[in-house]
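If you use numbering that gives the first Met the number 0, the sequence shown corresponds to residues 0 to 258, in order.
Built from N, CA and C at the ideal position, the CB exists for glycine as well.
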Amino acid sequence: MENFLTPKNATRTDCATGNNDKMQQEQVPLHEPTAISNTCAYQPYKNDSLFEHATWVYAFCREHLFRDDTKRIITALWPEGRPAPGTTLIELGCGPGFYSCRLGERFREMSIIGVDRSGKQVQWAKDRAEALQLSNCCFKRINALKLSCPEAAFDVVLASRLLTILPEQAGVIAEMYRVLKPGGRCFVAEPRYACWASIPLLAMWLLVGLVPSENGFREPYKATVFSGDTFANLFLAQPWKKIRTWKDGRYQYALCQKG
0 MENFLTPKNA TRTDCATGNN DKMQQEQVPL HEPTAISNTC AYQPYKNDSL FEHATWVYAF
60 CREHLFRDDT KRIITALWPE GRPAPGTTLI ELGCGPGFYS CRLGERFREM SIIGVDRSGK
120 QVQWAKDRAE ALQLSNCCFK RINALKLSCP EAAFDVVLAS RLLTILPEQA GVIAEMYRVL
180 KPGGRCFVAE PRYACWASIP LLAMWLLVGL VPSENGFREP YKATVFSGDT FANLFLAQPW
240 KKIRTWKDGR YQYALCQKG
């Protein structure tokens, strides 16, 4: 059985497959016997994805156009400045691995898993982690709506610009709650303005228009954005212990803690 997180007293290898030839910088001990098995396997879609056919476009936008919220994430999740040793984090819709790698590089004591339904985005993230020699980061092709992993598996759930392209926002938030440990927290960042948020989608649609897909593409032409009240209400369906939402310029944020 392939595990995302290794058992107690084991050490991190290359995506926990037992191959650590490429990533040797630091072995990260995990403190709990939490595992995500192959039941978390990727579920194929009937339609093609823009993120598969225009991978570099989104990676470029993530690297150069989108806001870098790394400092905000750290301040919100760990006011004391750093996570406890052995903290486990899953990033939903990780794309090219921007935040997972940023956090993994800064906090080598963490164990980080990034999941995305785009295989090419996941490969981009893997290449990024390998270039940075991040043995504490792992990436898998998984649908954020169907994680199928054990309950209470992670200390932190992270998602940025995920709800803008998914129609099943309630399902994603339910999964966030389910996989968090008691006392665990999720951090969600979403753009507030549709025109700005839609730039990567429009760019990818223009590019793939040169080579049409017989199956069509599942992503929308325009990103979905939420008013402050609507955004806050998305989280009320789950019995969070604490919910905090706020706005900062073009983005809005949610920080929720599980009881």
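Can you name, in chain order, every residue of its own chain whose Cβ lies under 6 Å from the Cβ of residue i, other than the five neighbours on each side?
i	result
C255	C185, F234, W239, I242
G113	E90, C93, G96, S99, A124, F138
T69	R101
Q42	Residue confidence is low: Q42 scores 43 on pLDDT, short of 50, so the model does not pin down where it sits. No coordinate-derived value is stated.
F225	none
T277	Lying outside 0 to 258, the shown extent of the chain, residue 277 is not represented and no answer is given.
If you drop the 5 nearest sequence neighbours on each side, which residues of the same chain put their C-beta closer than 8 Å to that of residue i?
i	result
I198	C60, L64
W195	R249
W245	Q251, Y252
D259	Nothing about residue 259 can be read from this structure; the chain reaches only from 0 to 258.
K76	First, the amino acid is wrong: residue 76 is Leu here, not Lys. Once the five neighbours on either side are set aside, the close Cβ partners of L76 are P82, V155, R184, F186, L254.
Against chain D, with Cβ distances strictly below 7 Å, would residue i count as a contact?
i	result
V171	Judged by its chain identifiers, the structure shown contains no chain D, having just a single protein chain.
Which one or two residues does DSSP pair with residue i in a beta bridge?
i	result
Q251	E189, K246
T223	For T223, which the question treats as bridged, DSSP gives no partner whatsoever.
K241	Q256
I89	I112, V156
Under 7 Å between the Cβ atoms of residue i and residue j?
i	j	result
Y250	A193	no
N135	G103	yes
K257	L162	no
A231	A169	no
Sorted by chain position, which residues of the same chain lie with C-beta nearer than 7 Å to residue i's C-beta, five sequence neighbours on each side aside?
i	result
G181	Reading off the sequence shown, one finds Pro at residue 181, where the question assumed Gly. Taken in chain order, the residues that qualify are A151, K257, G258.
D144	It should be noted that the sequence gives Leu, not Asp, for residue 144. These residues qualify, in order along the chain: E167, G170, V171, E174.
R127	P95, G96, C100
R105	none
V121	D115, F138, K139, R140
L131	C100, E104
L165	V171
Does the beta-carbon of residue i, which I'm using as the reference point, lie nearer than 6 Å to any heavy atom of the ligand SAM?
i	result
L161	For the ligand SAM, the structure offers nothing, since it holds no ligand at all.
Exercise for the section: Inspect the CB distances between the segment 167-178 and the segment 93-110 and report whether three or more fall short of 8 Å. Expected result: Not touching, per the Cβ criterion.
Practice task
Just list the alpha helix (DSSP H) runs in the segment 109-194, keeping only unbroken ones of 4 residues or longer that don't cross its boundaries, in chain order.
Solution key: Qualifying alpha helix (DSSP H) stretches, in chain order: 118-130, 168-178.
Problem - Cβ contact check for the segment 73-89 and the segment 135-155: 3 or more pairs under 8 Å - result: yes
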